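Comments concern the structure below.
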Amino acid sequence: MSTRTVPADLRAELAGCKYRILAELRRLSTLHGDLGEAGPDALAEAIQGAKIALLALIIEAARVEQGIST
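Residue numbers for the sequence shown, in numbering that gives the first Met the number 0: 0 to 69.
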């Protein structure tokens, strides 16, 4: 098993992606509490927006990982 050194800028970029994913999950948790009284439509819209944001961050993280692994 070979060990390669991963450039610091790519490690930092991946860490940033992971941090933003966690931040979005925290925001979604907060939205759930705040919008629970606003009704199911508002809550569903907020959750859908958060899902799209999370998907974009996951794709970005995957691209960074591809750069690291190639």
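All C-beta atoms, glycine included, are put in the ideal place defined by N, C-alpha and C. Note that the coordinates shown come from a computational prediction; the quantities given were computed from them, not determined experimentally.
Where residue i sits in the DSSP three-state scheme
i	result
PRO6	coil
GLY38	coil
Burial state of residue i, where buried means 16 or more other Cβ atoms lie within 10 Å
i	result
LEU24	exposed
9 Å Cβ cutoff met for residue i and residue j
i	j	result
LEU9	GLY48	no
LEU78	ALA60	No answer is possible for residue 78: the residues shown for the chain start at 0 and end at 69.
LEU56	ARG19	yes
Straight-line gap, residue i to residue j (C-alpha atoms, nearest Å)
i	j	result
ALA45	THR29	11 Å
LEU42	LEU27	10 Å
ILE58	CYS16	9 Å
ALA11	THR4	13 Å
ALA7	VAL63	12 Å
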